[in-house]
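Trainee: With the first letter of the sequence shown counted as 1, position 22 gets the number 111 in the numbering used here; the numbers rise by one all the way through. Below you'll find the structure I mean.
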Amino acid sequence: MAHIPVLLNEVINDLLIRKGGVLVDGTLGGGGHSRALALHAEGPITIVGLDRDASAIKTAAENLKDLDAKIILKKSDYRNFESVLIDYGIKKVDAFLLDLGFSSNQMDGNDDGQGRGFSFQRAEPLLMTLDDSPKDGDLTARYIVNNWDEKNIETIIRNYGEEKHSKKIAKAIVEARKMGNIDNSLLLSEIITRAVGRRGKIHPATKSFQALRITVNDELGALLETLPKMLEFLKPDGRISVISFHSLEDRIVKTFGKNNKTDLKILHKKPVIASAEEITSNPRSRSAKLRTFQKISS
């Protein structure tokens, strides 16, 4: 399944990158946003595309190769964008973009069908890493559910999943692992479902899986660390756009804008959300929220 860039027209309208500009796409994915921005720039731009997933970099390289643009693609966490810019002698940036959702390809699994544990329906290896080739010693969801104590598991599910049944779920996980390792996503999903039951349209494991993914990838820490560094590299009148998909991320982005009012103009009083038409064609866009900030020229 091809990944569909969310809020594409809204991102194009907000970032306004023009000929000669530098775009840093910190969550490149398949390159859909970057491609559209380059095509609307009315001249060649520089695209610095970062992603922790090597397969995403490969896909994006194919999707961007025909553009009249300088393309720099690196397998990297977006929090390391500074070192990439320094390596290429780039001192200032016209536009930063972060799309904090994980792609359809990550959700649906790789070409070999293995996946990384994001699915409730398939027995995938319980990794939940955005990096497609985690190193030995990297934190995984499998390690958390099989080794962390019940209190710590409960805490992340409550805080990062905003799950009201966090205590019940943590207890069920710790009890279940006494019978053997919890080593795939389907088994974990079934343990959670048995603990809390099914009701409503949302899968009972949704919030717990979100909490594990956030913890494994330090998603909130990366965002908190990176937004201020982006402001430092931003040119006067340059813009930062962030698409978030849950309240914890959106709160960080909103607070960043409020805390930097002397340096940033907030483009929208409320976050931009997907239209009914987009949600119909791409249901994963329903929780997307776009916030954009413009650096005030002195």
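For every residue, glycine included, the Cβ atom is placed at its ideal position computed from N, Cα and C.
(1) Should residue 230 and residue 173 be called a contact, given that it needs their Cβ atoms to be closer than 9 Å?
(2) Checking 9 Å against the spacing of the C-beta atoms, do residue 175 and residue 159 come in under that value?
(3) Note down, one range per segment and in chain order, each alpha helix (DSSP H) of at least 4 residues found wholly within the segment 262 to 317.
(4) Give the DSSP-derived three-state secondary structure of residue 129 in the structure shown.
(5) Please determine, among 241, 125, 343 and 116, the residue with the shortest C-alpha to C-alpha distance to residue 186.
(6) Can you have a look at residue 177 and say buried or exposed, based on whether 16 or more other CB atoms are within 10 angstroms of its CB?
(7) Note the first and the last residue of the continuous beta strand (DSSP E) segment covering residue 343.
(8) DSSP on residue 229, reduced to helix/strand/coil?
(9) For my contact list, residue 219 and residue 124 are in at a C-beta cut-off of 8 Å; report their separation, rounded to the angstrom.
(10) Are the beta-carbon atoms belonging to residue 138 and residue 162 less than 9 Å from one another?
(11) Let me know the secondary structure DSSP gives residue 256 once reduced to three states.
(12) Assuming residue 280 and residue 271 form a contact by the criterion Cβ under 8 Å, report the distance between their Cβ atoms to the nearest whole angstrom.
(13) Using 8 Å as the Cβ pair cut-off and three pairs as the minimum, do the segment 323 to 333 and the segment 225 to 242 touch?
(14) Counting along the chain, where does the beta strand (DSSP E) carrying residue 138 start and finish?
(15) Are the segment 348 to 363 and the segment 96 to 104 in contact at 8 Å, needing three or more beta carbon pairs?
(16) For residue 227 and residue 372, what's the separation of their Cα atoms in angstroms?
(17) Out of 307, 255, 367 and 353, which one is the CA nearest neighbour of residue 282?
(18) Take the Cβ of residue 386 as the centre, count every other Cβ of all protein chains shown within 10 Å, and call the residue buried at 16 or more, exposed below.
(19) If you compare alpha carbons, which of 181, 222, 190 and 95 is closest to residue 144?
(20) Looking at the strands, I want to know which residues DSSP matches up with residue 100.
(21) Pull up the distance between the alpha-carbon of residue 188 and that of residue 261, whole angstroms please.
(22) Would you call the segment 148 to 159 and the segment 298 to 312 touching, i.e. three or more CB-CB distances under 8 Å?
(23) Residues in the same chain with beta-carbon distance under 7 Å from residue 247, minus the five sequence neighbours each way, listed in chain order, please.
(24) Any idea which residues DSSP pairs residue 380 with across the strands?
(25) Which residue from 384, 113 and 167 puts its Cα closest to that of residue 313?
(26) Can you round the beta-carbon distance between residue 258 and residue 284 to whole angstroms, since I take them to be within the 8 Å contact cut?
(27) Quick one: grab the DSSP three-state call for residue 326.
(28) I'd like to check one pair, residue 252 with residue 336: are the Cβ atoms closer than 9 Å?
(29) Quick one, which of 352, 164 and 129 has its alpha-carbon nearest residue 146's?
(30) Excluding the five sequence neighbours on either side, which residues of its own chain have a C-beta within less than 7 Å of the C-beta of residue 349, listed in chain order?
Mentor: On the basis of the supplied data:
(1) Position 141 of the sequence shown, counted from the first residue, corresponds to residue 230. Position 84 of the sequence shown, counted from the first residue, corresponds to residue 173. It is not a contact, given that the beta carbons lie outside the stated cut-off.
(2) To locate residue 175, count along the sequence shown from 1; it is residue 86. To locate residue 159, count along the sequence shown from 1; it is residue 70. Contact: no.
(3) Taking only runs of at least 4 residues, the alpha helix (DSSP H) segments lying wholly in the segment 262 to 317 are 274 to 285 and 295 to 306.
(4) Translated into positions along the sequence shown, residue 129 becomes position 40. In the structure shown, residue 129 sits in coil (DSSP, three-state: anything other than H, G, I, E or B).
(5) For the purposes of this step, residue 186 is taken as residue 97 along the sequence shown, with counting starting at 1. Nearest option by C-alpha distance: 116.
(6) Here residue 177 refers to the residue found at position 88 when the sequence shown is read from its first residue. Label assigned to residue 177: exposed.
(7) Indexing the sequence shown from 1 puts residue 343 at position 254. From DSSP, residue 343 is part of no beta strand (DSSP E) but of the alpha helix (DSSP H) over 336 to 348.
(8) Residue mapping note: residue 229 aligns to position 140 of the sequence shown, counting from 1. Coil at residue 229, not helix or strand.
(9) By 1-based counting over the sequence shown, the position of residue 219 is 130. By 1-based counting over the sequence shown, the position of residue 124 is 35. With 8 Å as the limit, residue 219 and residue 124 do not qualify as a contact, their Cβ atoms being about 21 Å apart.
(10) Start at 1 with the first residue of the sequence shown, and residue 138 comes out as number 49. Start at 1 with the first residue of the sequence shown, and residue 162 comes out as number 73. Yes, Cβ-Cβ distance for residue 138 and residue 162 is below 9 Å.
(11) The residue labelled residue 256 in the question sits at position 167 within the sequence shown. Of the three classes helix, strand and coil, the one that applies to residue 256 here is helix, per DSSP.
(12) As a working note, residue 280 is residue 191 in the sequence shown. As a working note, residue 271 is residue 182 in the sequence shown. About 7 Å; that satisfies the 8 Å criterion.
(13) no
(14) The count along the sequence shown starts at 1 and reaches residue 138 at position 49. First-last of the beta strand (DSSP E) with residue 138: 135 to 140.
(15) yes
(16) Numbered from its first residue, the sequence shown carries residue 227 at position 138. Numbered from its first residue, the sequence shown carries residue 372 at position 283. Cα-Cα distance, rounded: 32 Å.
(17) By 1-based counting over the sequence shown, the position of residue 282 is 193. Nearest C-alpha to residue 282 among 307, 255, 367 and 353: 255.
(18) Taking the first residue of the sequence shown as 1, we reach residue 386 at position 297. So residue 386 ends up on the exposed side.
(19) The sequence position of residue 144 within the sequence shown is 55, counting from 1. When each option's Cα is compared against that of residue 144, the closest is 222.
(20) Within the sequence shown, the letter at position 11 stands for residue 100. Per DSSP, none; premise fails for residue 100.
(21) Against the sequence shown, residue 188 aligns to sequence position 99. Against the sequence shown, residue 261 aligns to sequence position 172. Spanning the two alpha carbons is a distance of roughly 33 Å.
(22) With a cut-off of 8 Å on Cβ pairs, the segment 148 to 159 is not in contact with the segment 298 to 312, counting fewer than three such pairs.
(23) Within the sequence shown, residue 247 is the residue found at index 158, counting from 1. For residue 247, where only same-chain residues beyond five positions count, the Cβ hits under 7 Å are 255.
(24) In the sequence shown, residue 380 corresponds to position 291, counting from 1. Residue 380 pairs with 331.
(25) Along the sequence shown, read from residue 1 onward, the residue named residue 313 stands at position 224. Checked all of 384, 113 and 167; the closest Cα to residue 313 is 167.
(26) For this step, residue 258 is matched to residue 169 along the sequence shown. For this step, residue 284 is matched to residue 195 along the sequence shown. Right, their Cβ atoms sit about 5 Å apart.
(27) Here residue 326 corresponds to residue number 237 of the sequence shown, with the count starting at 1. In the structure shown, residue 326 sits in a strand (DSSP, three-state: E or B).
(28) By one-based count along the sequence shown, residue 336 stands at place 247. By one-based count along the sequence shown, residue 252 stands at place 163. Not a contact, by the Cβ cut-off of 9 Å.
(29) Locating residue 146 in the sequence shown gives position 57, where the first residue counts as 1. Of the candidates 352, 164 and 129, the one whose C-alpha sits nearest the C-alpha of residue 146 is 164.
(30) Locating residue 349 in the sequence shown gives position 260, where the first residue counts as 1. Closer than 7 Å at the Cβ level, and outside the excluded window around residue 349, lie 320.
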